[in-house]
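Protein chains in written order, with full-length UniProt numbering: chain Y, 1 to 412; chain L, 1 to 412. Note that beta-carbon positions come from the ideal geometry of N, C-alpha and C, so glycine has one too. Since the structure comes first, as structure tokens, the remarks are kept for the end.
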């Protein structure tokens, strides 16, 4: 029931056509101008002008002569996405780290970094200082190599306000009404790229959707496995944000009997029974290496996994409890959203070999639709970088929607 | 991250343009050809051809000369949607009635009927007989008046399979794997219009979205108030179906402590604490008039409302319990989906004066996002006809997407 697609002026239709060509090359691969004309229905002369513009803007480059593809292919000089020109950056602030990942327009990783950081203890100002340094260094490095940065997406847990760039309420890092984007802009100064704020789970979902959509999946739920737990929902191929961008706030649902105090001030929130805090509490006592926020998270999780593999009873029991507490919430999400995939991230993916079978069986038992509505539970392959990767993708998506946004020189 | 919009041939682009013009007239009202050309960006000659086709197909008609609108308006003969030519029919099978509603292309109600009917007791064959008779009579009546029927949407509760027209599992009417559309087709014979099956809650959501979208709402959840309870979700202006169309199956979630046996065979499902069965159980004993499935539902609900208005303690207590049990589920939906509106249908709307304030207060307390994420709870204005209305709208939407589908003569 969408309204008419209205192209009110020549320049907006040019932008739309540039975007259509660029997305075609991203989604379907390199091809000749003749083939682009066939695929898009645009006249050959128009395609020729559009590709010339994209070449000049260094968003695409001349590729190899296209080979015959089956019987319909025709030879011709192909064009392809140029990975060297434009980059998107995702930066993530989470409970015990600040991280960054950059992708070029082809989706290749061009930078990746994670710093152990006690965000709650440091407070917003010091955290934004560190984040800004990380981002500024990367922008400088990319620009030094002749690249342009299309945008930066900052990810935080909790309720975030896209329009104003404010973290409204993120209980696990103790932030309330922190104008994070304004803070970053101030620290990065003029000449900084476009910056946006988004919730960590939504960006994780976007990162998963790149792989999943290539396999035809249009509906998925990504579950973060952090200190807090949230979900990012892709429904019918679209990121579900909700009216104020707060969709996916499942961490504080009351799903499992528990009296555990939550960072939000209530008791028994779901994330206190499945989040990283629960895993650590179940598996080890304070003072254990795995509790130390200054040790890199991946190392701490690897330590726990070694214990599990060595058959340590307490670790295995901890993982069993996590799985038992996780299943009812996943079943509920499957009943409400009927996704094709539920993708488990963070520590759920890290310990997938101990969780997946049990959780899958219990979800299948509970979901009302026959055959669990066709829903499959899988492990994320993005490790701890999914959120930052989703942020970088979102920054690049602005280029794919309107390539002209990346065709003007950087303001530095 | 949508792919390119590709128009592969002239006839598909003609269909797309016919649809664009028709939707423009529906959404923005009557206007001259010159104005259509401005609004769509299509050349005037193209608009002239398109409107000629739509006129010939009786989807639009010549209207009045357009008046000046502000300073930019230009006089000219306006065209407008023709309500007389094409109709959509929605038919609903629910626990204790079979109903039908027809809309013309302008969205005006052209027929409405509800028959008290004990669907579970009658079984699928007898129920489909009655439904087919109701639909056949209406098709005949509309055709006798020179109208065409663009399509029929059949609504049932439970898990439905859009592609095959099969009711997979609808516990409250006792149907499992009933090929409902094939059954209707067989009964209506050749010459019957297009028929599709959809879940009642999704169609209710579509009906609500017509009003809500006019007020700028893009995200809403419609909650059916029937014997069973399901939700229909509109997210970012799109109906959320899920991978197999089973999204919104909330009736069997375990949200409120209860040992009540559910029609699905489990105990404590949410709908056993808020559905019409719960309301009747809380408010009256078996044998009471309000329990009688052969008395029209609206009359039974009206009887209960009179008791409430007269201050009957048991009725008021029943409504208080319904509200108490309803709130946690609505809060959960608000946390997950962050809708702008939650629209209460069926008996929730009927008894809204006793439910709304309490439920709203409790939802606001529970939802994690500040200010309940901007979510407002409202009562449906469509009474018991929302689902059938949504079905009729869906049938007509096919015409708005591809007007040529309704421009060939009926096959009778």
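The segment 218-226 of chain Y makes no contact with the segment 297-304 of chain L; the number of CB pairs closer than 8 Å stays below 3.
The beta-carbon separation of residue 112(Y) and residue 101(Y), rounded to 5 Å, stays under the 8 Å limit for a contact. A check of alpha carbon separations from residue 229(Y) across 361(Y), 322(Y), 51(Y) identifies 322(Y) as the nearest. Under DSSP, residue 99(L) takes part in a beta bridge, and its partners are 92(L), 114(L). Per DSSP, reduced to three states, the secondary structure at residue 154(Y) is strand. When secondary structure is reduced to three states using DSSP, residue 39(Y) falls in the helix class.
Segment contact: the segment 287-298 of chain L against the segment 134-148 of chain L, fewer than three CB-CB distances shorter than 8 Å; contact not assigned. Distance from the CA atom of residue 244(L) to the CA atom of residue 201(L), rounded to whole angstroms, is 15 Å. If you draw a straight line from the Cα of residue 355(L) to the Cα of residue 319(L), it comes to about 7 Å. With respect to the 8 Å criterion, residue 336(Y) and residue 250(L) are classified as neighbours on the basis of their beta carbons.
Any Cβ of chain Y closer than 8 Å to the Cβ of residue 249(L) would place that residue at the interface, and such an atom is present. Think of a sphere of 7 Å around the beta carbon of residue 340(Y): the chain L residues whose beta carbon falls inside it are 243, in chain order.
In this structure, the CA atom of residue 117(Y) is about 12 Å from the CA atom of residue 124(Y). No Cβ-Cβ contact shorter than 8 Å links residue 227(Y) with residue 168(Y). In this structure, DSSP gives residue 358(Y) a helical state, which the three-state scheme calls helix.
For residue 396(Y), the closest C-alpha among the options 89(Y), 16(Y), 34(Y) is that of 89(Y). Residue 359(Y) and residue 332(Y) do not touch by the CB rule: their CB atoms are close to 13 Å apart, not below 8 Å. Take the alpha-carbon of residue 281(L) and the one of residue 382(L): they are about 25 Å apart.
Assigned with DSSP and collapsed to three states, residue 173(L) falls in coil, not helix or strand.
Note on geometry: alpha-carbon atoms of residue 49(L) and residue 37(L) lie some 12 Å from one another. The beta-carbon of residue 370(L) is placed less than 8 Å from the nearest beta-carbon of chain Y. Ranking 205(L), 206(L), 211(L), 135(L) by CA distance to the CA of residue 183(L) puts 135(L) first. Taking the C-beta atoms as reference points, residue 390(Y) is found no nearer than 8 Å to residue 340(Y).
Residue-level contact check: residue 373(L) touches chain Y, since one or more beta carbons of chain Y fall below 8 Å from its beta carbon. In the structure shown, residue 57(L) falls within a coil segment according to DSSP collapsed to helix, strand and coil. Contact of residue 246(L) with chain Y by beta-carbon distance below 7 Å involves 338, 369, 373. Under the Cβ criterion (8 Å, minimum of three pairs), the segment 190-197 of chain Y does not count as touching the segment 310-317 of chain Y. When DSSP states are grouped into helix, strand and coil, residue 195(Y) belongs to the strand group. Along the length of the segment 241-311 of chain L, whole alpha helix (DSSP H) runs at least 4 residues long occupy 271-274, 276-283, 297-309, reported in chain order. Contacts with chain L at 8 Å (Cβ-Cβ) include residue 238(Y). In this structure, residue 235(Y) keeps its C-beta atom at 8 Å or more from the C-beta atom of residue 222(Y). Note on geometry: alpha-carbon atoms of residue 29(Y) and residue 43(Y) lie some 20 Å from one another. Per DSSP, the continuous beta strand (DSSP E) segment holding residue 78(L) begins and ends at 76-81. C-alpha of residue 31(L) to C-alpha of residue 79(L): approximately 6 Å in a straight line.
In terms of CA proximity to residue 233(L), 247(Y) leads the group 76(Y), 128(Y), 247(Y). Contacts with chain Y (Cβ-Cβ distance below 7 Å) from the segment 308-339 of chain L involve 332, 335, 336, 337, 338, 339, listed in chain order.
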